[in-house]
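Comments concern the structure below.
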Amino acid sequence: MRIDWWTLALQAVNVLILVWLLGRFLFRPVMDAIAARQASAQALLDEAREAKDRAQAEAQALKTQNDGFVADAAARRAEIRTEAEAERQRLLAQARLEADAVVEQGHAAIDAERGRVAAQWREKAASLAASMAGTLLARLPPEQTVQAMVDALKARLGDLSEADRRSLAAAGPVTVATPAPLTADLQTQVARALGEILPDTATPIFAVDPDLIAGAELRTPHAVVRNSWRADLDAMVESLNEDNHARIA
Amino acid sequence: MNWIHLASILGAAFAISIGAIAPALGQGRAVAAAMDAIARQPEAANTVSRTLFVGLAMIETMAIYCLVIALLLLFANPFA
Amino acid sequence: MKFASPLESHVLFAIGPVPISQPVATTWGIMAFLTIGSWLLTRRLAFRPTRAQAALELVVETIAGQIRETMEAEPRRYLPLIGTLFLFLLVANWSSLIPGVEPPTATLETDAALALIVFGATLWFGVRALGPRAYLATFARPSILLAPLNIVELFTRSFSLMVRLFGNVMSGVFMIGVVLSLAGLLVPIPLMALEMLTGAVQAYIFGALAMVFIGSAISENGARPPSKQESPA
């Protein structure tokens, strides 16, 4: 066996050339490509991480904003609630006032009605009393009653003070009103009596007033001296009324 | 055919026979150990079998050496 | 029946004083195939890899990963040598499948040239990584007494590298030739399949051992990393 040195040397050179060739054409480009891809993948990852960070920051900002909105909404809601409460209170007060006014009105109306009814009743009572008095009085002879009433007038006039009497006399022509026409005898008697009490007056005029029921009244243009059942009944009804009012109050 | 040829042929046959027996024993042990390892750790079967192949090739090289010697004796006997 | 000696290589022709033997011519063919193939594949490397580019990148990445694991170094500097050794051996071993082609690795000279390149690369990278003084100092580890043994080992492991590759490929080729001359058709097919497996494994082993040798040379811990160092010889 012999070693072919030429072949050995040529093969060594061949393999070295092949090492260079493959390094030039295969390994370097492929390694470069792999490195480039790795670099780009790294860049991509970095970019993705960056984008993720950005998105997270954005989400954080939005969340903060949202929280702000929520707080704002809560504040606004509280404000509105307060306002509504105030409005409600106001409306309530107003309604209460109105209701009070209505109740007051109702009370007033009831009072008025009651007063009206009372007045009606009073009127009725007065007229009933008047008619009853008239009926009763009709059973008496008229002279007697007139005589009594004229006497009562005379007594009443006598009760007046001097100043009153004078002012009465100065008032002018005096009218004597009676429910029934007086007889001439009575007229002279009355005139005489008046002259005694009121010396300065002229002759009185005689008038008839059936409303008086019974009695005699002295009337001047400025003053009236009441002296009749009508006046008495009126006074009684009035006092009754006042009693009633006092009881209600 | 002189005695050198005869001795060369005998030597070649002897070299091959020895070079077949010993690596066979070695490979048998190696395979047995690898099977044992795979049975213990089936998840390491890949690594074990890869290493086993390399090891078997290494052991096989022993037989190859003997074969080379035999071929040298037969074809490139320096004394023939 | 007379066989041609598998230990001899015949000269095809001569360029001037240089005889060109058959393995040299085959090697040229393989070189052309590899170079043109890689040039075609890497001519347009896209960012989005095609199927072929993905396969190519897978191969290169696998080799680089092996270098990174075994040598514990950045693979970029060693990738051309180791990768070329592996690819060339793979293609050369499998070239026996083409009828009439005898693989160049089946001749002793090619294997000797490859082992010589690994030997030179070991020294070169060791000196380059550590400096001449520190690299020489690694031979005195773990003790100065072992320095002669380490130096002898440097040669014997290269020799065993050569003989291992040569024996495996040549025996396969020889065996197939014998069986072919005996039985003819179809029978050598299992043997050829075995030969393919052997060729791939031998290419891997050769590359791995080259990595181990260079890796042990460039590491500070001396010439004996724990794994795959024990070369039978």
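Protein chains in written order, with this note's numbering: chain A, 1 to 249; chain B, 250 to 329; chain C, 330 to 562. Idealized CB from N, CA, C, for every residue including glycine.
query	result
Buried/exposed call for L437 (chain C), threshold 16 Cβ in 10 Å	buried
Against chain A: residues of the region 407-433 of chain C by CB proximity under 9 angstroms	L408, P409, L410, G412, T413, L414, L416, F417, P433
Of the listed residues A:R139, A:V146, A:E217, nearest to V176 (chain A) (C-alpha basis)	A:E217
DSSP three-state assignment for T178 (chain A), whether helix, strand or coil	strand
From C:I505, C:V530, C:F342, C:V353, residue whose alpha carbon lies closest to that of I518 (chain C)	C:I505
Distance CB(L443 (chain C))-CB(L494 (chain C)) smaller than 9 angstroms	yes
Chain-order list of residues whose beta-carbon lies under 8 angstroms from that of L408 (chain C) (same chain, five-residue window excluded)	V389, I392, A393, I396
Of the residues C:T413, C:I446, C:A375, C:T379, the one placed nearest A9 (chain A), counting alpha carbons only	C:I446
W252 (chain B), buried or exposed, once every other Cβ within 10 Å from all chains shown has been counted against 16	exposed
Within-9 angstroms CB hit, Q531 (chain C) to chain B	yes
Simplified DSSP state of F328 (chain B), which is helix, strand or coil	coil
Euclidean distance between Cα positions of V502 (chain C) and D440 (chain C)	15 angstroms
Partners in chain C for A306 (chain B), counting only beta-carbon separations shorter than 9 angstroms	R493, N497, T527, V530, Q531, Y533, I534
Cβ neighbour criterion (16 or more within 10 Å) applied to L198 (chain A)	buried
Three-state class that DSSP yields for P561 (chain C) in the structure shown	Low confidence applies here, because P561 (chain C) scores a pLDDT of 44, under 50, leaving its location unreliable; read the following figure in that light. Looking at P561 (chain C) - three-state DSSP - the assignment turns out to be coil, as it is neither helix nor strand.
Any beta strand (DSSP E) of 3 or more consecutive residues that is wholly inside the region 91-120 of chain A	none
Chain A contact residues for V347 (chain C), given Cβ-Cβ distances below 7 angstroms	W6
A402 (chain C) - DSSP class collapsed to helix/strand/coil	coil
Cβ neighbour criterion (16 or more within 10 Å) applied to M311 (chain B)	buried
Separation of L91 (chain A) from E85 (chain A), as counted between CA atoms	10 angstroms
Contact with chain C by L322 (chain B), beta-carbon distance below 9 angstroms	no
Below-9 angstroms beta-carbon distance, L316 (chain B) vs any chain C residue	yes
Closest residue to A191 (chain A) among A:W229, A:V150, A:S239, A:P221 (Cα-Cα distance)	A:V150
For R156 (chain A) and A133 (chain A), the rounded distance between their alpha carbons	21 angstroms
Neighbour-count burial assignment, N295 (chain B), 16 or more Cβ in a 10 Å radius	exposed
Identity of the residue in C:V481, C:P471, C:R377, C:A546 nearest F454 (chain C) by Cα	C:A546
P348 (chain C) - DSSP class collapsed to helix/strand/coil	strand
Residues near L212 (chain A) by beta carbon distance below 6 angstroms, same chain, minus five either side	P179, S228, R230
Listed by chain order, chain B residues near S500 (chain C) by CB distance under 7 angstroms	I313, L316
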